[in-house]
Amino acid sequence: MTKRNQNDSSNIIPFPGLEKRLLEKGLESLQGKKFSDAIQLFEDAKELDPESSDIHIGLVLAYFEAGALKKAKNLTKSMLQEGIGDYFEIVDLYLMIMVQLHEYGEIAATIEALLQEREIPKDKLEHFAKMLHFSRRMAEGSPDPAAEEQLREEYRDKELNLLSYQDPKEQVLLLAKLANINIRPYLEELKSYLISEEGHPFLKTMIINILKEQEYDKPVTVKKLGMNEEFIPSALHDVHDHKQLRAIEAAVKDKLEHEDPVLLENIIALLQRQFFLLYPFKLQPDQPDLWAAAYHLVGCSFYGMDGDPGDMAGQYGVVEDTLEASRIFIGKIEEISYPNI
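Counting with numbering that gives the first Met the number 0, you get residues 0 to 340 for the letters of the sequence shown.
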């Protein structure tokens, strides 16, 4: 293995799909209410993939939650102009932001143009008509507090019901909202998702973490990545603080800290991403050296570097056949590590 420059960070070659990784980390930060971090991550991802509707939506929501409503509005408006994302989904976001800004004249003008220029889906007509009537009244100086609260409630209900849909874009919207509400009225829906075959591991981790943060102390069953177990969310370790993860990181660090810190940094990033998806499960068998060798091997393959399984097994003192099975499992996780949006 060739040693690379250890001090020049410009030599760092990102793993394939860095923009997807940044989107995942942005969603994690958004769900954890680290809005400044989320904004930076989404903006970095947008630089790499300027046409991704999911990155744009994430950034809009991060601006919105951080209170940067004007930025959220401007970005949403540019999405509509550039045709990024589902048109009516983005229109709904745009209107929601303007409701918060009390820009009722612009809301009315937007809906009027929409009704003239576009064929509105039947399920949207009543909603837009109601908004238009309300916005005109507000713009004319005839406030109706009860109607305004009803409109806000309608948006809140819409956001909370996204879990019942299979569209991943709607699930992305949900991620930004679940942490900010009392989830107990929605427990049955959330529990059903945790055991559903079609539920994505990423979103399941988010739900479990929210249950933990809200100190839910009853058993819930979780199915993901071929595993099935019962957990008490309030008793779980933090999503980013797993003993097995730390042990694997230490084993890889012991081999690469001085030899190849760039490779080490990226292997640790891969580990953290996959453990987020695994949460609250752990890798089996519970042998940190085995998994350290497997992640080391996978990291080498990502870089197009030589990584001989027999040599790697010898370095870490593990059985080569078991190492190969672990490498295959890591590959399977990596294939599903990002929602197919």
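We put the beta carbon where it would ideally sit given N, CA and C, even for glycine. The structure presented is a predicted model; accordingly, all values stated were derived computationally and were not measured.
Mark Met226 as exposed unless 16 or more other C-beta atoms lie within 10 angstroms of its C-beta, in which case mark it buried. As a working note, residue 226 is residue 227 in the sequence shown. Counting Cβ neighbours within 10 Å, Met226 comes out exposed, since fewer than 16 surround it.
Out of curiosity, what's the CA-to-CA distance linking Asp204 and Glu139? The residue labelled residue 204 in the question sits at position 205 within the sequence shown. The residue labelled residue 139 in the question sits at position 140 within the sequence shown. For the sequence presented, residue 204 should be read as Thr rather than Asp. Those two C-alpha atoms are separated by around 47 Å.
Grab the span of the alpha helix (DSSP H) containing Lys121 for me, first residue to last. Stepping through the sequence shown from its first residue, residue 121 is reached at position 122. Counting along the chain, the alpha helix (DSSP H) containing Lys121 begins and ends at Lys121 to Ala138.
What does the alpha-carbon distance come out to for the pair Lys33 and Val317? On the sequence shown, position 34 is the one that residue 33 refers to. On the sequence shown, position 318 is the one that residue 317 refers to. Looking at the two C-alpha atoms, the distance is approximately 40 Å.
Under 7 Å between C-beta atoms of Tyr315 and Ala292: Reading the sequence shown from its first residue, position 316 is the one you call residue 315. Reading the sequence shown from its first residue, position 293 is the one you call residue 292. Result yes, Cβ atoms of Tyr315 and Ala292 sit closer than 7 Å.
Alpha carbons only, please: which of Thr109, Glu27 and Glu23 is nearest the one belonging to Ala44? Taking the first residue of the sequence shown as position 1, residue 44 is located at position 45. Here the closest residue by C-alpha is Glu23.
What residues in its chain sit with their C-beta under 7 Å from that of Leu68, if we drop five residues either side in the sequence? Along the sequence shown, one-based indexing puts residue 68 at 69. Closer than 7 Å at the Cβ level, and outside the excluded window around Leu68, lie Ile96, Gln99 and Leu100.
Assuming contact is defined by CB atoms lying nearer than 7 Å, are Ile89 and Leu79 in contact in what I supplied? Position 90 of the sequence shown holds residue 89. Position 80 of the sequence shown holds residue 79. Their beta carbons are under 7 Å apart, which means Ile89 touches Leu79 by this criterion.
Alpha-carbon spacing of His239 relative to Arg136, whole angstroms: Residue numbering aside, residue 239 sits at position 240 when the sequence shown is read from its first letter. Residue numbering aside, residue 136 sits at position 137 when the sequence shown is read from its first letter. Spanning the two alpha carbons is a distance of roughly 49 Å.
Let me check one thing: in DSSP terms, what residues is Thr220 bridge-paired to? Residue numbering aside, residue 220 sits at position 221 when the sequence shown is read from its first letter. Answer by DSSP bridge pairing, in chain order: Glu229.
Identify whether Gln195 lies in helix, strand or coil by the three-state DSSP scheme. Counting from 1 along the sequence shown, the entry for residue 195 is found at position 196. Looking at the sequence provided, one finds Ser at residue 195 rather than Gln. Here Ser195 sits in coil by DSSP.
In angstroms, rounded to a whole number, what distance separates the CA positions of Phe201 and Asp48? The count along the sequence shown starts at 1 and reaches residue 201 at position 202. The count along the sequence shown starts at 1 and reaches residue 48 at position 49. Roughly 21 Å between the two C-alpha positions.
Just checking, does the segment 294-302 make contact with the segment 241-254 on the three C-beta pairs under 8 Å criterion? yes
Return yes when the Cβ of Ser51 is within less than 7 Å of the Cβ of Ala37, no when it is not. Taking the sequence shown and counting its residues from 1, the one referred to as residue 37 is at position 38. Taking the sequence shown and counting its residues from 1, the one referred to as residue 51 is at position 52. Not closer than 7 Å, so no.
8 Å contact criterion, which Leu114 and Phe127 should meet: CB distance rounded: If you number the sequence shown from 1, residue 114 lands on position 115. If you number the sequence shown from 1, residue 127 lands on position 128. Between Phe127 and Leu114 the Cβ distance is about 7 Å, and since that is below 8 Å, they are a contact.
With a 10 Å radius around its C-beta and 16 neighbouring C-beta atoms as the bar for buried, classify Pro120 as buried or exposed. Locating residue 120 in the sequence shown gives position 121, where the first residue counts as 1. Per the 10 Å Cβ criterion, exposed.
Comparing alpha-carbon positions, which option in Pro284, Leu244, Lys281 and Glu118 lies nearest Glu267? Position 268 of the sequence shown, counting from 1, holds the residue named residue 267. It should be noted that the sequence gives Ile, not Glu, for residue 267. Here the closest residue by C-alpha is Leu244.
Does DSSP classify Val251 as helix, strand or coil? By 1-based counting over the sequence shown, the position of residue 251 is 252. Looking at Val251 - three-state DSSP - the assignment turns out to be helix.
Can you give the Cα-Cα distance for His55 and His199, rounded to whole angstroms? Position 56 of the sequence shown holds residue 55. Position 200 of the sequence shown holds residue 199. Approximately 21 Å between the Cα atoms of the pair.
Endpoints, the alpha helix (DSSP H) within which Ser77 is located: The residue you call residue 77 lines up with position 78 of the sequence shown. Its alpha helix (DSSP H) spans residues Leu68 to Glu81.
For my contact list, Leu40 and Leu21 are in at a C-beta cut-off of 8 Å; report their separation, rounded to the angstrom. For this step, residue 40 is matched to residue 41 along the sequence shown. For this step, residue 21 is matched to residue 22 along the sequence shown. Indeed they touch by this definition, with Cβ atoms about 5 Å apart.
Rounded to the nearest angstrom, what separates Ser233 and Asp216 at their Cα positions? As a working note, residue 233 is residue 234 in the sequence shown. As a working note, residue 216 is residue 217 in the sequence shown. Whole-angstrom Cα-Cα distance: 5 Å.
Can you tell me whether Asn265 is helix, strand or coil according to DSSP? In the sequence shown, counting from the first residue as 1, residue 265 sits at position 266. Here Asn265 sits in helix by DSSP.
On the criterion of 16 or more Cβ atoms from any shown chain inside 10 Å, does Tyr86 qualify as buried, or is it exposed? The count along the sequence shown starts at 1 and reaches residue 86 at position 87. Flag for Tyr86 reads exposed.
For Asn160, count neighbouring Cβ atoms within 10 angstroms of its own Cβ and tell me buried if that reaches 16, exposed if not. Numbered from its first residue, the sequence shown carries residue 160 at position 161. Confidence at Asn160 is low in this model, with a pLDDT of 48, below 50, so the placement of that residue should be treated as unreliable; the coordinate-derived value is given next. Asn160 comes out exposed.
Hey, quick one: how far does the alpha helix (DSSP H) through Pro308 stretch, first residue to last? If you number the sequence shown from 1, residue 308 lands on position 309. Here the alpha helix (DSSP H) through Pro308 covers Pro308 to Tyr315.
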